[in-house]
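Under my numbering, residue 1087 is the last one in the sequence shown; the count climbs by one each step, no gaps. Structure first, commentary second.
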Amino acid sequence: MNPTRPAAAPRTRPRLAVRLLALTLSTVAGLGLAELVVGAARGWAFPYLNLYVADDDYGVRLEADASTHVRSREGRITAIRTNALGFRGPDWAPAVSDAPVPGRVLLLGDSQAFGYNVAEDDGMAAHLAAALGPGAEVLDAATPTWGPPEYLRALAELGPVYRPEVVVVVMNLANDWLEANIPNRRRSTAKDGWVAYRRPDEPAPEPNALRTFFLGRSHLVYAVRALIAGASDAPPTDAVTARRLLDNLTTIARPDGAYRSRLGRYATAARERCEALGCRVVIAVLPLDVMVDPREWAKYGDTPTDLSPLAQLGPALVADAHAAGVSAVDLTPALVAASPGAFLPDDYHLAPAGHAAVAAAVASVLAPAPAPAADQIRSLRGASVERLAHPTADLASSAR
């Protein structure tokens, strides 16, 4: 008689493993589907630029060879791409010699010159290249959050490599007068692709690719975080920038030594750096939207305020630039002529029409003076002959 074999124990581990695997796969599939749904609902765009990386010298730069989409408050979607250097647009070819590259322009500035919330072909760089005509090439080195210290640093870094013939520096009244003495590395850093306020006592966060992927690229994660934080895309409740400038007017309007403007020394420094490179500098002064057209107040839902005290800032910088031998243009008249429609309807950045107006104004500064007509030349020659025949006539008239 054979003894009875004990019953085999149930195989719980394989069944549990299968269930866990199925649960994991279903969770991943569910999250993936949710990501697709949320991303599609948002047009695969984020409300803010999410390509920032921390930089010890500049505070932040933009990720190289990257792309994203940004959605405005009213839902317009803009594609953003960066080149191998992290600047907007296609790659740049280094200069083949130490001589300036004919027709090459280096554009420096912040989010306005960058073309925030407008298509690449509608931005300042594209319009300026078109306005300057065949053979012109505009390298858009403008980067959001940068200020005057970063413009000079970028000129020193990029100028010797790419040898522009002209350097255009767009000084933005909204930010640059407040940031003149504060390098961006003390103001801004990057976290998970987003720009973040830099606390002086905190080091820049260490980059983490996995964290950046989820917290900086996932539409689902962003939607959940925005829901928890109570964030929305509602229009701003007031014109914060204009009021901040008025509150700080005493400081930002104060002369800087021999300069009328606190930005005057940057015009001189840019000229000095360009002298070594053989390039020419143009300073373009960009006013606030509400300074250009009072109707711009409506998009903020704010009560119009007298901003005439701010009108002194731009002309003071233009005067300093001219005194330093630097070409400069106040963009206010050009933008007034392009209004309404020079600025976006849902924030303070330039609209395509505004970028075109700025480009035309800068191009007019760069255009060579027209040759005098033949009749003008004959008239001038005749006047010269008359002066030679009667040299005392000018002395008598000047004495009156």
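Yeah, the Cβ is synthetic: ideal placement off N, Cα and C, and Gly gets one too. Please read all numbers here as calculations on a predicted model, not as lab measurements.
Distance, Cα to Cα, L964 vs Y849? Within the sequence shown, numbered from 1, the residue matching residue 964 stands at position 277. Within the sequence shown, numbered from 1, the residue matching residue 849 stands at position 162. Going by the C-alpha atoms only, they are around 10 Å apart.
Report, in whole angstroms, the separation of the C-beta atoms of S764 and R775, which I expect to be a contact under 8 Å. By one-based count along the sequence shown, residue 764 stands at place 77. By one-based count along the sequence shown, residue 775 stands at place 88. Before going on, a small fix: residue 764 reads as Ile here, not Ser. With 8 Å as the limit, I764 and R775 do not qualify as a contact, their Cβ atoms being about 16 Å apart.
From the DSSP output, in three-state form, read off A883 for me. On the sequence shown, residue 883 is found 196 positions in, with the first residue counted as 1. Correct three-state label for A883: strand.
How many angstroms separate the CA atom of L738 from the CA atom of R904? In the sequence shown, residue 738 corresponds to position 51, counting from 1. In the sequence shown, residue 904 corresponds to position 217, counting from 1. C-alpha separation (whole angstroms): 9 Å.
Residue interval of the alpha helix (DSSP H) (run including E959): By 1-based counting over the sequence shown, the position of residue 959 is 272. Annotation: the continuous alpha helix (DSSP H) that includes E959 extends over G951 to L964.
Start-end ranges of the beta strand (DSSP E) lying completely within the stretch 700-754, minimum 3 residues: 739-742 and 746-749
What first and last residue would you give for the alpha helix (DSSP H) that runs through E674? Residue 674 is absent from the structure shown; the chain starts at 688 and stops at 1087.
State buried or exposed for S1071, treating a residue as buried only when at least 16 other CB atoms are found within 10 Å of its CB. Reading the sequence shown from its first residue, position 384 is the one you call residue 1071. Residue confidence for S1071 is low, a pLDDT of 37 falling below 50, so the modelled location carries little weight and cannot support an answer.
Rank V757, A828, A732 and M811 by C-alpha distance to the C-alpha of L649 and give the top, closest one. In the structure as shown, the chain begins at 688 and stops at 1087. Residue 649 is therefore absent and cannot be evaluated.
Could you give the C-beta distance for A1044 and A1025, rounded to a whole number, given that I count them as a contact under 8 Å? Position 357 of the sequence shown, counting from 1, holds the residue named residue 1044. Position 338 of the sequence shown, counting from 1, holds the residue named residue 1025. By a beta-carbon distance limit of 8 Å, A1044 contacts A1025. Their separation comes to about 4 Å.
Please report the residue range of the alpha helix (DSSP H) in which T1019 lies. Here residue 1019 corresponds to residue number 332 of the sequence shown, with the count starting at 1. Where T1019 is concerned, the enclosing alpha helix (DSSP H) starts and stops at T1019 to A1025.
Express the C-alpha separation of V853 and A1060 in angstroms, rounding to a whole number. Stepping through the sequence shown from its first residue, residue 1060 is reached at position 373. Stepping through the sequence shown from its first residue, residue 853 is reached at position 166. Low local confidence applies: a pLDDT of 48 at A1060 is under 50, so the model's placement there is unreliable, with the coordinate-based value given in what follows. Looking at the two C-alpha atoms, the distance is approximately 28 Å.
Name the residue from G802, V908, W984 and A818 whose alpha carbon lies nearest to the alpha carbon of T832. Numbered from 1 along the sequence shown, position 145 holds the residue referred to as residue 832. Of all alpha-carbon atoms in G802, V908, W984 and A818, the one lying nearest the alpha-carbon of T832 is that of G802.
Measure the C-alpha to C-alpha separation of A1083 and S1051 and round it to an integer number of angstroms. Counting from 1 along the sequence shown, the entry for residue 1083 is found at position 396. Counting from 1 along the sequence shown, the entry for residue 1051 is found at position 364. In this prediction, A1083 scores a pLDDT of 36, lower than 50, which makes its location untrustworthy; the coordinate-derived value is nonetheless stated afterwards. If you take the alpha carbons of A1083 and S1051, they lie about 39 Å apart.
Cβ contact (3+ pairs, closer than 8 Å) linking the stretch 834-850 and the stretch 802-816: With the cut-off at 8 Å, the stretch 834-850 and the stretch 802-816 do not touch.
Rounded straight-line distance, which links the Cα of R702 to that of V747: For this step, residue 747 is matched to residue 60 along the sequence shown. For this step, residue 702 is matched to residue 15 along the sequence shown. Roughly 51 Å between the two C-alpha positions.
Whose C-beta lies closer than 7 Å to the C-beta of V977 among residues of the same chain, with five residues either side of it excluded? For the purposes of this step, residue 977 is identified with residue 290 of the sequence shown, where counting begins at 1. The answer, listed in chain order, is A926, A929, E983, W984 and L994.
Quickly, what does DSSP pair F1030 with across the bridge? List them, please. Translated into positions along the sequence shown, residue 1030 becomes position 343. Partner(s): L1037.
First through last residue of the beta strand (DSSP E) which encompasses V969: Within the sequence shown, numbered from 1, the residue matching residue 969 stands at position 282. In the DSSP annotation of this structure, the continuous segment of the beta strand (DSSP E) that includes V969 starts and ends at R967 to L973.
In angstroms with no decimal places, state the Cα-to-Cα distance between G880 and L860. Along the sequence shown, read from residue 1 onward, the residue named residue 880 stands at position 193. Along the sequence shown, read from residue 1 onward, the residue named residue 860 stands at position 173. Each residue's alpha carbon lies about 26 Å from the other.
Would you call the stretch 966-976 and the stretch 1028-1047 in contact, with 3 or more CB pairs under 8 Å? yes
Let's test the definition: count the other Cβ atoms within 10 Å of the Cβ of G717 and tell me whether it reaches 16, buried, or not, exposed. Stepping through the sequence shown from its first residue, residue 717 is reached at position 30. Its Cβ having fewer than 16 others within 10 Å, G717 is exposed.
Are there 16 or more other CB atoms within 10 angstroms of the CB of E1073, so buried, or fewer, so exposed? For this step, residue 1073 is matched to residue 386 along the sequence shown. For E1073, the pLDDT reaches just 41, beneath the cut-off of 50, and the residue's location in the model is therefore unreliable, although a value from the coordinates is still provided. Label assigned to E1073: exposed.
Once the 5 residues before and after N871 are set aside, which same chain residues still bring their CB inside 8 Å of it? Residue mapping note: residue 871 aligns to position 184 of the sequence shown, counting from 1. Y745, G746, V747, T832, W833, G834, P836 and E837.
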